[in-house]
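2 protein chains.
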Amino acid sequence: MSREMVRQGGRSARIQKAVHEASRQLLDEMDRTRITVPMIAERAGVTPSTIYRRWGTLTELMADVAVERLRPAAAPEDTGSTAGDLESFVLQYAEEMSSPVGRALLRDVIAEAQDDDATIRCCQYTHDHLAEISARATARGEPPLDVAGVLDRTIAPICYHILFGDREVTPDYCRTLLTGAGGPG
Amino acid sequence: MSREMVRQGGRSARIQKAVHEASRQLLDEMDRTRITVPMIAERAGVTPSTIYRRWGTLTELMADVAVERLRPAAAPEDTGSTAGDLESFVLQYAEEMSSPVGRALLRDVIAEAQDDDATIRCCQYTHDHLAEISARATARGEPPLDVAGVLDRTIAPICYHILFGDREVTPDYCRTLLTGAGGPG
DNA sequence: ACCTTAACGCAATTTATTTGCATTAAGGCG
DNA sequence: CGCCTTAATGCAAATAAATTGCGTTAAGGT
């Protein structure tokens, strides 16, 4: 019987919110490697076993929190032109992900290998933002964006250098990547 | 006095080798998330505290092992032409990193945020390989490779899609990336 | 209002991590 | 080579984290 498989209301939701909030606070207060499940549980007013049962491991919980945090609050800025929208989005993306917190979020999302749900969703956000910019372009009569191309030629290098730390990801570098990356699809 | 800061000989080296070997074996035998420090210690014939004192955490040990494993055994194949060398290297790179083991190695290297040493070294291997191909090119009289460009336009997208799992990294896809990515620097 | 059961809290148990102290063995020096 | 200093290890105790059994609470459908 499939009467009810997952409960989403009331208590369950409150606990998820409390645990997420506690995790976010701790991430801002101390180094990510010093955070433990019991620590989060105490601040959230929950027993550790609840967290272990719902999320499994600290890694999975952190990935869950990271995805929430990476979910953009608003649609990308509308600057009036596709090139402007794209530059605005990419520069903001690079700045957010370059910060110590952003880097940690990326790492946490990627570290979760069990179900690729977290990483896929994280990717989806970026994809959706680019698709939104592309939709605006066509609404203006401009050619649509090559979303996959921007991912490959702009987003991917940015993530690569942030994750591997082999070079600074500056606004100038991002603009260089954008040159020739925003063509029509 | 700087008489001796780090000991590298005899016993120390044997233990490092034994621990690495045990880690590699376990990585091939079971899921990476089920591996524990005591498990590795037992197989390596070492007490857990030794591992904790030398590597700190399981994450750091795994990153250390991953870097060793990612270090290429030989120089890239010499196919006679720069384009051929590049394609050969990139296809092999993509194949290795796409496998479950390769993915796990990449994740482990990236997860180690403490000192960027692991990620930097991992990057360096790729960079050195490309530089070798470029050196061969100039030796043949061909124009040198734009190493940074290949990293940005070919390696980065491959790593991105492997890490985020948002698409298959097929040989055909790699060849598409190579088109227009291997220009002179 | 009632019933079923997913999700939780609590406490006991198991496992992992840390730490103090004794012991071993690099590696420099006479 | 033998001696000396001390980094690195082993062992065991102490601490902390992760797991598990079981009773309780409260979603959510009837």
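Protein chains in written order, with the numbering used here: chain X, 11 to 195; chain P, 11 to 195.
Glycine is no exception: its CB is placed at the ideal position from the N, C-alpha and C atoms.
If you're wondering where the values come from, they're calculated on a predicted model, not measured in any experiment.
Beta-carbon proximity of residue i to residue j, cut-off 8 Å
i: P/Thr164; j: P/Val100; result: yes
i: P/Arg42; j: P/Ala128; result: no
i: X/Val157; j: X/His137; result: yes
i: P/Ile61; j: P/Ala51; result: yes
i: X/Arg117; j: P/Ala123; result: yes
i: X/Ile45; j: P/Asp176; result: no
i: X/Ile143; j: X/Leu96; result: yes
i: X/Glu152; j: X/Thr89; result: no
i: P/Thr67; j: P/Ala121; result: no
i: P/Ser98; j: P/Glu87; result: yes
i: P/Val111; j: P/Leu140; result: no
Same chain only: Cβ atoms within 7 Å of residue i, ignoring 5 sequence neighbours per side
i: X/Met49; result: Leu36
i: X/Tyr135; result: Leu80, Arg81 and Pro82
i: X/Val179; result: Ala104, Ser108, Ile168, His171 and Ile172
i: P/Ala32; result: Ile50, Arg53 and Ala54
i: P/His30; result: Val75 and Glu78
Secondary structure of residue i, DSSP reduced to three states
i: X/Arg177; result: coil
i: X/Ile45; result: coil
i: X/Pro86; result: coil
i: X/Met40; result: coil
i: X/Gln26; result: helix
i: X/Gln18; result: coil
i: P/Met11; result: Legend: pLDDT at P/Met11 = 46, less than 50; position of this residue unreliable, value from coordinates given subsequently. DSSP places P/Met11 in coil when its eight states are reduced to three.
i: X/Asp126; result: coil
i: X/Gly55; result: coil
i: X/Thr186; result: helix
Residue interval of the alpha helix (DSSP H) (run including residue i)
i: X/Glu106; result: Thr92 to Ser108
i: X/Glu1; result: Look at the range of chain X in this structure, 11 to 195, and you will see that residue 1 of chain X is not part of it.
i: X/Ile165; result: Note, X/Ile165: premise wrong, no alpha helix (DSSP H); not H, not E.
i: P/Arg63; result: Pro58 to Trp65
i: X/Leu68; result: Leu68 to Leu80
i: P/Ala158; result: Val157 to Val160
Same chain only: Cβ atoms within 8 Å of residue i, ignoring 5 sequence neighbours per side
i: X/Thr148; result: Pro154
i: X/Gly19; result: none
i: P/Ala28; result: Ala54, Gly55 and Val56
i: P/Ala85; result: His139 and Glu142
i: X/Gln26; result: Arg64
i: X/Met40; result: none
i: X/Asp38; result: Val111
Cβ neighbours of residue i in the same chain (closer than 6 Å, five flanking residues each side left out)
i: P/Met72; result: Asp118
i: X/Cys132; result: Val77, Leu80 and Val119
i: P/Arg146; result: none
i: X/Cys184; result: Val100, Leu101 and Ala104
i: X/Val16; result: none
i: X/Pro181; result: Leu101
beta-carbon residue i near the ligand FAD non-hydrogen atom, thresh 7 Å
i: X/Ala93; result: In the structure shown, the ligand FAD is absent, as is every other ligand, since no ligand is present at all.
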